[in-house]
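Under the numbering used here, think of the first position of the sequence shown as 8, with each following residue one higher. Note that the Cβ used here is the ideal one computed from N, Cα and C, for glycine as well.
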Amino acid sequence: APAISPAAPGGAEVDYTLSVSYSGWTANTAGSFTVGELRPYLVDTLEADHGWTAGLPGDTATTGKWVRGDPIGTSSSGEEVNPEIDATPAPGVNAFMTGNGGGSAGNDDVDNGVTTLLSPRFDLSGVQAARLSYQRWYALMTSLDDSFDIALSSDGGARWTPPSSGTTHPNDSTPVSHA
Numbered sequence: 008a009p010a011i012s013p014a015a016p017g018g019a020e021v022d023y024t025l026s027v028s029y030s031g032w033t034a035n036t037a038g039s040f041t042v043g044e045l046r047p048y049l050v051d052t053l054e055a056d057h058g059w060t061a062g063l064p065g066d067t068a069t070t071g072k073w074v075r076g077d078p079i080g081t082s083s084s085g086e087e088v089n090p091e092i093d094a095t096p097a098p099g100v101n102a103f104m105t106g107n108g109g110g111s112a113g114n115d116d117v118d119n120g121v122t123t124l125l126s127p128r129f130d131l132s133g134v135q136a137a138r139l140s141y142q143r144w145y146a147l148m149t150s151l152d153d154s155f156d157i158a159l160s161s162d163g164g165a166r167w168t169p170p171s172s173g174t175t176h177p178n179d180s181t182p183v184s185h186a
């Protein structure tokens, strides 16, 4: 019978198939479960600069470029568009956001192109079960013509995998996680 090694890393995903047989009848059910809990490898509250790159050659946005700082809140018709308070636990205040000039809600829109936020490279060679988790605020208050795309690379940027794209506007702080 298969066994789970006591050395299995916290957060490892185990796939299984349960087979039940009785008097010539057999039913199979597949599933999975997580062993233990994930242990944080790195936590970046964005209070210190750890080498993120805001903007890349080829970015074409004329407004709403990525910046790191203490968010300046904006609203539209009484609805919060850019939050004043970020998701970092107190006493932290910094976040990455587009624009951050304050004023009207549209001032920090990404307009006329794209803007890129690139993380520093993380060496996960000794990590068996990696997961990226973050909070995202995405507001699309007018026409549905923008998207919020995320891509991951495991080879230094030669190839990118798009685990998610946001085109809806929950207009709220949304926890996001990618395995």
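T24: first and last residue of the uninterrupted beta strand (DSSP E) it sits in: Residue 24 sits at position 17 when you count from the first residue of the sequence shown. That run of the beta strand (DSSP E) goes A19 to Y29.
Using 8 angstroms as the threshold, is the stretch 83 to 98 in touch with the stretch 132 to 140, meaning 3 or more CB pairs across them? no
Is D93 near G106, with beta carbons less than 7 angstroms apart? Here residue 93 corresponds to residue number 86 of the sequence shown, with the count starting at 1. Here residue 106 corresponds to residue number 99 of the sequence shown, with the count starting at 1. Against a cut-off of 7 angstroms, the Cβ pair of G106 and D93 comes out as no contact.
Within 10 angstroms of the Cβ of V117, are there 16 or more other Cβ atoms? Answer buried if so, exposed if not. Along the sequence shown, one-based indexing puts residue 117 at 110. Buried, since its Cβ has 16 or more Cβ neighbours within 10 Å.
Using CA atoms only, rank isn't needed, just tell me which of E44, V42 and Y23 is closest to N35. Locating residue 35 in the sequence shown gives position 28, counting from the first residue. It is Y23.
Hey, how far is the Cα of S160 from the Cα of T81? Here the question's residue 160 lines up with position 153 in the sequence shown. Here the question's residue 81 lines up with position 74 in the sequence shown. Rounded to whole angstroms, S160 to T81 spans 33 angstroms at the Cα level.
Within this structure, are the beta carbons of W4 and T122 separated by less than 7 angstroms? Any answer about residue 4 is impossible in this case: the structure gives the chain only from 8 up to 186.
Output the boundary residues of the beta strand (DSSP E) element that contains H57. By 1-based counting over the sequence shown, the position of residue 57 is 50. Here H57 belongs to no beta strand (DSSP E), and DSSP marks it neither H nor E.
Between I157, D162 and A165, which has its C-alpha nearest H185's C-alpha? Residue mapping note: residue 185 aligns to position 178 of the sequence shown, counting from 1. Residue I157 is the option with its Cα nearest to H185.
DSSP-derived helix/strand/coil call for A37: Stepping through the sequence shown from its first residue, residue 37 is reached at position 30. Note: A37 maps to strand in three-state DSSP.
As assigned by DSSP and simplified to three states, the class of D156: Mapped onto the sequence shown, residue 156 falls at position 149. DSSP places D156 in strand when its eight states are reduced to three.
List the DSSP bridge partners of L49. Position 42 of the sequence shown holds residue 49. Answer by DSSP bridge pairing: none, since L49 is not bridged.
Between A61 and L124, which are expected to be in contact by the criterion C-beta below 8 angstroms, what is the C-beta distance as a whole number of angstroms? For the purposes of this step, residue 61 is taken as the residue at position 54 of the sequence shown. For the purposes of this step, residue 124 is taken as the residue at position 117 of the sequence shown. 6 angstroms between Cβ atoms; contact.
Could you tell me which residues DSSP puts in a beta bridge with R143? As a working note, residue 143 is residue 136 in the sequence shown. Per DSSP, T181.
Does the beta-carbon of A165 have 16 or more other beta-carbons within 10 angstroms, so that it is buried, or is it exposed? On the sequence shown, residue 165 is found 158 positions in, with the first residue counted as 1. Exposed.
Residue burial classification, P98 (beta-carbon count within 10 angstroms, cutoff 16): Numbered from its first residue, the sequence shown carries residue 98 at position 91. P98 should be labelled exposed.
What are the start and end residues of the beta strand (DSSP E) that includes E87? On the sequence shown, residue 87 is found 80 positions in, with the first residue counted as 1. Note, E87: beta strand (DSSP E), E86 to N89.
Please report the straight-line C-alpha distance between G120 and W32, rounded to a whole angstrom. Here residue 120 refers to the residue found at position 113 when the sequence shown is read from its first residue. Here residue 32 refers to the residue found at position 25 when the sequence shown is read from its first residue. One C-alpha to the other measures close to 60 angstroms.
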